[in-house]
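All remarks here apply to the structure that follows.
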RNA sequence: GGAGGAGUGACCGAGCGGCUGAAGGUGACGGUCUUGAAAACCGUUGUACCGAAAGGUACCGGGGGUUCGAAUCCCUCCUCCUCCGCCA
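Have a look at this one:
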């Protein structure tokens, strides 16, 4: 959520921001509602002040005097009720609109309509060329009995799968490696609840907007999270931290659930776009300081790069363009990892910086050394998401004989083995 | 799932229709004293909104109601605790 005071001062900034992000929100209506609310509240306040003054005198009055004073009060109450009634209509309208106003993007964000206009920042790692006909991850997965898509679909519908045998082992190895790596960098490991109240979904910016993308447990009014960002970022919701506590750095491993509504027919092959996956996610809750936020953004980006480098995967970092940014994001860097079967880089990570946007919705504040109360800043990034990352691992590490070499950093997590080989 | 009990400021805890934004204590901060520290003593110590300010308004788990007036009474939701049942 944005600061209404900033909006009053500079509506054009927010109109331009919304336009660049391709969000449709009526700022003028919002400002109009705002001024109506302000004047109604001012009048209401004056009435209540008067009421309170009269109310205090009542116990001192003679019974006869009381009658006329009570009559006077009655008139005030009528006015009060009318104003309250007006507010009751306007306020929810205002609140709903406020939730829709996008955070304007940083000046460094390239203007663009969609992900095709994201700007490549830099590349790392060598893209492997094969001297044999490489298999894709599904062919490898079947041959090595690591992936069973058919039975996943049989039991749970499209975009569902089983990881089996070495597939399950490799998946766990990747997750555990990433988790241990982040713990070694000082992040606090968390196991988090995956069913979240609407409040937490709204607070992190997913609602309103992503209801269609979310599995909602309507009977219990709970939502299956699409990322551990939600419980981690909302962890201190409605709390007041102290400056000394900051920055808070969390890392969590969790399952993630996404309906992929609107993606019908897109990326239907293999393990790329699926309804359920596991992810190690990093979140920073930091000070209300844009320069520090920018530093933290670099930090979470380089954490993930270090993981990819350790795994020996070639990737590129892209500066996500305005039209591809979410409502709350100030700036976002995606990391895309080379996937031979797609003959392209595919998104594996997404590093976002929000400034106050989420903290305002979450009512997440801290007390500064100067005893002022301000909103925190929040950021998050993927550390690793599997099985999507198994696509480049399996495909890039495959050998001509059909086996897969295990990346060295994963070997300790796989009983010291060097290869995944077909069973005899 | 059934039966009871409870939610007050950073924390503990009093209040149970007007004198209460809220006693008392703890903690924190400032000061006196001291070579320094401790102890003791004195003082300060909530958030949001409107306002240039003075000041005003709201908030005692959330929402709604009764009343001229609610932290105090009623309804509802949430949370926690105790006992019983069930269970990985």
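In this note's numbering, the protein residues as written are 125 to 548. Ideal Cβ positions, reconstructed from N, Cα and C, are used throughout, including at glycine.
{"Item": "Evaluate residue 497 with the Cβ neighbour count: other Cβ atoms within 10 Å of its Cβ, from every protein chain shown; 16 or more gives buried, anything less gives exposed.", "Value": "exposed"}
{"Item": "According to the Cβ coordinates, are residue 504 and residue 353 closer than 9 angstroms?", "Value": "yes"}
{"Item": "Which full runs of the alpha helix (DSSP H) of 4+ residues lie inside the stretch 294 to 337, going along the chain?", "Value": "322 to 327"}
{"Item": "Which residue's Cα is closest to the Cα of residue 425: 407, 152 and 415?", "Value": "407"}
{"Item": "Return the chain-ordered ranges of every beta strand (DSSP E) run that is complete within the stretch 435 to 494 and spans a minimum of 3 residues.", "Value": "439 to 443, 455 to 463, 468 to 479 and 489 to 491"}
{"Item": "Helix or strand or just coil, what does DSSP make of residue 208?", "Value": "helix"}
{"Item": "Taking contact to mean 3 or more Cβ pairs, one atom from each stretch, closer than 8 angstroms, check whether the stretch 474 to 486 and the stretch 319 to 338 are in contact.", "Value": "yes"}
{"Item": "Are the CB atoms of residue 411 and residue 363 nearer to each other than 9 angstroms?", "Value": "no"}
{"Item": "If distances are taken between C-alpha atoms only, which option among 166, 259, 168 and 289 comes closest to residue 272?", "Value": "289"}
{"Item": "Here's the rule: buried if 16 or more other CB atoms are within 10 angstroms of the residue's CB, otherwise exposed. What is residue 148?", "Value": "exposed"}
{"Item": "When you compare only the Cα positions, how much space is there between residue 296 and residue 137?", "Value": "46 angstroms"}
{"Item": "So residue 374 is in the beta strand (DSSP E); what residue range does that whole segment cover?", "Value": "372 to 381"}
{"Item": "Can you check DSSP and say which residues form a bridge with residue 248?", "Value": "439"}
{"Item": "Looking at C-alpha atoms only, which residue of 293, 167, 210 and 467 is the closest neighbour of residue 252?", "Value": "467"}
{"Item": "Would you check if the stretch 521 to 532 and the stretch 251 to 270 touch, i.e. whether three or more CB-CB distances between them fall below 8 angstroms?", "Value": "yes"}
{"Item": "When you compare each of 140, 145, 127 and 125 to residue 450 by their alpha carbons, which one comes out closest?", "Value": "145"}
{"Item": "Would residue 470 and residue 396 be called neighbours here (beta carbons separated by less than 9 angstroms)?", "Value": "yes"}
{"Item": "For residue 404, list the residues DSSP reports as bridge partners.", "Value": "377 and 508"}
{"Item": "With three or more C-beta pairs closer than 8 angstroms as the rule, is the stretch 220 to 231 touching the stretch 443 to 462?", "Value": "yes"}
{"Item": "Under DSSP, the alpha helix (DSSP H) around residue 518 begins and ends at which residues?", "Value": "514 to 520"}
{"Item": "What residue range does the alpha helix (DSSP H) around residue 155 cover?", "Value": "151 to 181"}
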